[in-house]
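Chemist: Protein chains in written order, with my numbering: chain L, 14 to 442; chain H, 201 to 664.
Each residue gets a CB set at the ideal place from its N, CA and C atoms; glycine is no exception.
Before anything else, here's the structure in question.
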Amino acid sequence: MNDRECSRIFENELVKCSRCGSCRSICPVSLAENAENATPRSKVRMIEAVLEGELALTPGVQARFDKCLLCKACKANCGGGVATDELILGSRINLVKRNGLNPVKRLAFTSLRYRKLFDLGLKLGAAFQGLIFKDLPDGSGKVARIPLPAAGLNLRRVVPNLTTSPLRTRLPAVNKAKTPETKGRVVFFTGCTLNYMYPQAGEAVVNILTGNGYEVIIPPEQCCCGTPAFTSGDAATGRVLAEQNVRAIGAYKYDHVVTACSSCGAALLAEYGRLLEGSPLLEDWRQLSGKVLDIAQFVVRHCDMTKFGSLPLKITYHDACHLVRGMKVSAEPREIFRAIPGLEYAEMKDADRCCGAGGTFSAVYYELSRKINDWKLDNAEATGMDYVVAGCSACRMHITDGLSQRSSKMKVLHTAEVVAMAYEAGRKG
Amino acid sequence: MLTSSVISELKAIVGSGYVLTDQEDLIIYSNDATVFNHLPAAVVQPANRDEVAAVVKVAAARNIPVTPRGAGTCLSGGAVPLKGGIVLDLARLNKIRTLDAARKIVVAEAGVVTFEITSQAAKLGLLYPPDPSSLKESTIGGNVAECAGGPKGVKYGITRNFVLGLEAVLPDGTIVETGNAVDGDMCGPDWTMLITGSEGTMAIVTAVTLRLVPMPETKKTMLATFDRLENAAKTVSVTMGAGIIPTTLELMDNLSIVAVEKAVRIGLPVEAAGLLLIEVDGVPSTVEENARRVSEICRECGAMEVKIAQSAAEAEDLWVARRAVAKAFGQIAPCKFAEDSTVPRSLIPLLVDKCLEIQKKYDLPMVIVGHAGDGSMHPTIMFDKRDKDAVARAEKALDEVHIVTLELGGTLSGEHGIGSAKAPYLRAEMGPVGYKLGQDVKAALDPQGIMNPGKMFNYEGALH
Ligand SMILES: Cc1cc2nc3c(=O)[nH]c(=O)nc-3n(C[C@H](O)[C@H](O)[C@H](O)COP(=O)(O)OP(=O)(O)OC[C@H]3O[C@@H](n4cnc5c(N)ncnc54)[C@H](O)[C@@H]3O)c2cc1C
């Protein structure tokens with residue numbers, strides 16, 4: 014976003030804020046902090062003061078703008094329809110231009126730009142994780158041996174095992190349909206968390222697609238979608254990554270682009286428009302954007318849900334922010350669960366409230382994000398179900414961490430894993 | 201500016217993390233839900249009554265203005281620190297001390313969000329009726345200070361009808377307890393009611409004892425449309441006259457119906473002059489009977505159509521229009537003056553007519569919704585604050601709405617308070633003697649004038 018566009022957005026949005034404060038009861042951060050200076054309204058107020066010359070873009074403003082999960086709940090509930098998320102993103106970009114990026118983030122985003130470096134970093138990480146982390150007895154993940162606050166690695170925090178064989182090294186670039194006839198071609202944008210942390214969920218996606226007659230392309234040149242960078246205000250890195258992905262996907266002929274990570278999906282679907290303003294690749298992105306579907310949408314629209322076998326799981330569902338408000342996907346997963354015989358489903362209270370992960374938010378404000386996560390877990394546990402299902406691996410990571418902290422028996426699954434299991438059950442009859 | 205020694209004293213009382221002096225925070229706490237701003241010198245966030253008292257003592261010793269603040273949803277500028285000094289943020293006083301189902305009372309600290317009280321009471325089968333639309337954000341302290349009301353006011357009353365007692369810190373830092381948890385207590389004048397509605401100008405409320413009532417067993421929701429607004433108003437009067445007191449009697453005028461229909465497309469009759477959303481509650485047999493009679497009355501009074509919800513889901517459908525109002529208004533223009541003019545019920549059509557005239561005269565969109573049961577109407581004037589000419593016209597229109605309301609024998613504030621926004625009209629409303637009495641009482645309680653200065657009886661601008 015350039016400066017002119019930025020100030021236009023600012024002006025149009027600021028004027029809509031009536032300061033009513035209704036966002037106080039919606040914003041998870043405001044609720045957890047119980048203070049005006051954590052509200053969305055206060056952020057609008059700060060921008061207004063900056064534009065009126067009463068306030069400079071100080072590190073103090075930056076710190077307050079960083080305290081936002083970008084869950085979009087304030088925008089969705091705002092009577093005046095203030096696009097707070099855009100205001101916050103735009104401000105972060107300007108703040109980063111002025112004050113620079115937090116050094117840890119700077120390092121991380123530089124390696125994101127160089128996919129091979131990032132791959133290597135995470136693979137080395139996988140090999141050496143034993144030095145820094147110790148395994149939890151149940152094999153569900155690891156906790157840090159030494160506190161690494163800069164990386165958000167609190168001693169308590171449980172992170173999933175980094176896999177030594179990422180999804181994209183397990184599977185070929187082209188995966189043939191498992192049916193006699195091929196219905197179409199799907200590009201699978203894996204995203205980082207599925208690739209490096211939850212490859213089994215990525216495999217589930219591929220199995221669903223190939224089983225339903227689609228050829229699946231996993232472009233090897235795809236890289237991080239850029240969300241962690243541009244949501245932190247590093248628009249330059251965001252743009253480099255966006256261009257790389259548009260090129261990587263555009264190298265193939267396809268009917269659909271499927272994502273199984275809500276942040277990647279929302280980025281490809283919508284956020285790239287802003288990042289690619291003025292880029293020669295903008296038009297290519299527009300074509301691509303019209304074909305993006307989350308895996309749950311894809312299943313409902315293009316897969317045979319009559320082939321689900323009986324799956325006696327007891328589940329509840331958590332709406333990832335970028336899925337429910339970013340991609341407007343919330344009915345589809347529920348429709349899928351209703352279609353699976355034998356599956357018991359219970360809705361949790363405030364299913365669409367943020368789990369507190371918020372990408373790099375949980376790294377910087379770990380204790381705060383834990384508090385927000387605890388509400389989610391209380392609501393999930395209150396359903397009496399055995400599994401929390403979510404369509405986002407970042408949520409999964411954070412919820413798994415929380416569940417293990419409280420020694421809960423609940424487990425987390427990706428929607429795609431549930432669907433793949435239901436098909437598996439169907440095949441076995 | 202506060203000297204560094206004052207700041208250290210304040211920090212010693214509440215802890216250093218709870219005295220905010222960063223420019224960013226001063227700006228954030230410079231306003232409430234109005235367009236007014238004024239920077240405080242510091243924001244102080246005490247954790248309990250004794251810290252509140254200690255902070256006020258420091259302020260009193262040095263003549264520092266103190267502006268109490270709950271959730272900052274005030275619509276009359278009450279929480280704006282007009283004279284700088286300390287914004288006293290009461291959000292941390294957020295414990296419910298007692299919830300007694302047998303005695304049907306709740307004792308809550310001032311910073312408890314009202315909805316928390318409503319939900320905790322509901323778990324015990326009890327109802328805390330006052331339901332301002334800011335219920336989920338505003339604090340009980342703020343509600344008491346503003347004497348907030350809501351749709352349920354018609355049947356149950358507003359905040360003051362539920363306050364049994366208060367714990368408050370006076371402007372010299374002493375602590376007073378007024379009233380008690382027994383309804384019949386009446387020794388001398390009612391200090392509880394003096395502080396209730398005083399908008400933080402006489403004392404800082406630290407805890408509130410509230411009366412609860414049994415939860416009604418069931419309710420029934422209806423929606424009636426009218427081709428003439430008079431008929432809607434008549435329906436309200438006839439219903440109440442027949443001894444039926446609905447819990448909700450929400451009125452929308454034609455312009456708001458059109459605006460809502462445009463925003464949400466739910467098939468509202470855009471040709472209707474007005475619409476009434478009516479809800480009756482109680483024991484099932486009475487509720488059925490009352491709903492039937494209310495729908496009869498609607499028809500007798502000339503309703504074009506009456507819908508009665510047959511299920512909870514249908515009831516929700518009928519509420520959609522009313523709930524969509526805020527969103528719909530946002531689509532007409534980004535800014536608004538949401539007024540709060542209360543007139544005798546029978547004069548509602550007249551008020552609406554006058555408002556339509558004002559709207560034409562100043563050429564600004566204006567819509568009217570409100571709680572028809574108690575005549576509390578919200579004429580809302582819309583504009584874009586970047587258009588300076590529109591702002592000037594909106595201010596003039598607002599002034600005329602106030603005058604018209606007073607001329608109709610109404611009151612300027614059914615529920616949003618006086619603060620600084622409506623202070624210019626307060627003398628006109630109370631009469632010179634009443635106003636003088638108010639000034640004297642204020643001076644007796646707060647001789648230094650440090651408590652929320654510049655508001656209500658201490659307003660310094662021109663009076664009407
Ligand atoms: C969207 C919206 C809808 C609203 N709907 C309604 C409605 O339906 N009915 C209605 O009546 N009002 C309504 N209001 C107005 C407002 O919500 C109420 O006046 C509410 O009671 C204010 O509570 P608060 O906690 O936000 O107080 P604040 O705004 O923080 O303060 C309000 C006033 O009370 C004083 N004060 C606050 N706490 C204390 C305390 N503990 N002791 C002494 N003084 C104190 C402040 O100094 C200020 O003068 C609405 C406001 C908004 C923005």
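1) Could you name the residues of the segment 324-349 of chain H whose beta carbon sits closer than 7 Å to any beta carbon of chain L, in the order they occur along the chain?
2) Residue 586 of chain H: buried (16+ other C-beta within 10 angstroms of its C-beta) or exposed?
3) Does the beta carbon of residue 224 of chain H come closer than 8 Å to any beta carbon on chain L?
4) What residues match up with residue 242 of chain H in a beta bridge as DSSP calls it?
5) Is the closest heavy atom of ligand 1 to the C-beta of residue 331 of chain L under 7 Å?
6) Mapping the DSSP letters down to three states, classify residue 606 of chain H as helix, strand or coil.
7) Return the CA-CA distance between residue 429 of chain H and residue 530 of chain H, expressed in angstroms with no decimal places.
8) Taking a cut of 7 Å between CB atoms, which residues from the segment 523-546 of chain H lie near chain L?
9) Measure the C-alpha to C-alpha separation of residue 235 of chain L and residue 49 of chain L and round it to an integer number of angstroms.
10) Look at the Cβ atom of residue 502 of chain L, then the Cβ atom of residue 265 of chain L, and state whether they are nearer than 8 Å.
11) For chain H, find out if any of its Cβ atoms is closer than 8 Å to the Cβ of residue 71 of chain L; answer yes or no.
12) Any idea which residues DSSP pairs residue 84 of chain L with across the strands?
13) Report the rounded CA-to-CA distance for residue 494 of chain H versus residue 482 of chain H, giving the unit in angstroms.
14) What residues in its chain sit with their C-beta under 6 Å from that of residue 214 of chain L, if we drop five residues either side in the sequence?
15) Starting from residue 50 of chain L, find everything on chain H with Cβ-Cβ shorter than 7 Å and list it in chain order.
16) Per DSSP, what kind of secondary structure is residue 212 of chain H in: helix, strand or coil?
17) Please state if the CB of residue 395 of chain H and the CB of residue 378 of chain H are separated by a distance shorter than 8 Å.
18) Is there at least one non-hydrogen atom of ligand 1 closer than 7 Å to the beta-carbon of residue 308 of chain H?
19) With respect to 7 Å, is the separation between the Cβ of residue 379 of chain H and the closest non-hydrogen atom of ligand 1 below this value?
20) Checking contacts by CB at 8 Å: is residue 294 of chain H closer than that to chain L?
21) When the Cα atoms are used, what is the spatial distance from residue 305 of chain L to residue 512 of chain H?
22) Nearest to residue 361 of chain H by CA position, among H:369, H:397, H:374, H:372, is which residue?
23) State the DSSP-derived secondary structure class of residue 337 of chain H, mapped to helix, strand or coil.
24) Residue 448 of chain H: beta carbon under 7 Å from a heavy atom of ligand 1?
25) Heavy atom of ligand 1 less than 7 Å from the Cβ of residue 616 of chain H, yes or no?
26) For the candidate residues L:224, L:173, L:89, L:46, whose alpha-carbon lies nearest to that of residue 198 of chain L?
27) Compute every distance between the C-beta of residue 33 of chain L and the non-hydrogen atoms of ligand 1, then say whether any falls below 7 Å.
28) Across which residues does DSSP place residue 666 of chain H in a beta bridge pair?
29) Give the single residue among L:404, L:55, L:221, L:289 whose Cα lies nearest to the Cα of residue 192 of chain L.
30) Return yes when the C-beta of residue 660 of chain H is under 7 Å from any heavy atom of ligand 1, and no when it is not.
31) Do we get a CB-CB distance below 8 Å when we pair residue 29 of chain L with the residues of chain H?
32) Any Cβ of chain H within less than 8 Å of the Cβ of residue 38 of chain L?
33) Any heavy atom of ligand 1 inside 7 Å of the beta-carbon of residue 620 of chain H?
34) Taking 7 Å as the cut-off, does the CB of residue 269 of chain H come closer than this to any heavy atom belonging to ligand 1?
35) What do you reckon, is the C-beta of residue 318 of chain H under 7 Å from a heavy atom of ligand 1?
36) Would residue 297 of chain H and residue 308 of chain H be called neighbours here (beta carbons separated by less than 8 Å)?
Modeler: Result, derived from the coordinates:
1) 336, 337
2) exposed
3) Taking CB atoms only, residue 224 of chain H has a neighbour in chain L less than 8 Å away.
4) For residue 242 of chain H, which the question treats as bridged, DSSP gives the partners H:286.
5) A distance criterion of 7 Å places the beta-carbon of residue 331 of chain L beyond contact range of ligand 1, judged by its closest non-hydrogen atom.
6) helix
7) So the alpha carbons of these two residues sit roughly 24 Å apart.
8) 526, 527, 530, 534, 535, 536
9) 41 Å
10) Past the boundaries of the shown model lies residue 502 of chain L; chain L is included only from 14 to 442, so the question cannot be answered.
11) yes
12) Bridge partners of residue 84 of chain L: none, in fact.
13) 14 Å
14) 207, 427, 429, 430
15) 225, 228
16) helix
17) yes
18) no
19) no
20) At a cut-off of 8 Å, the C-beta of residue 294 of chain H has a neighbouring C-beta in chain L.
21) 38 Å
22) H:397
23) coil
24) Answer for residue 448 of chain H: no, Cβ out of range of ligand 1.
25) Flag set: Cβ of residue 616 of chain H near ligand 1.
26) L:224
27) Indeed, a heavy atom of ligand 1 lies less than 7 Å from the Cβ.
28) In the structure displayed, chain H extends from 201 to 664; residue 666 of chain H sits before or after that span and is not available.
29) L:221
30) False, no ligand heavy atom lies under 7 Å from that Cβ.
31) yes
32) Output row for residue 38 of chain L: interface = yes.
33) Result no, Cβ not under 7 Å from ligand 1.
34) yes
35) no
36) yes
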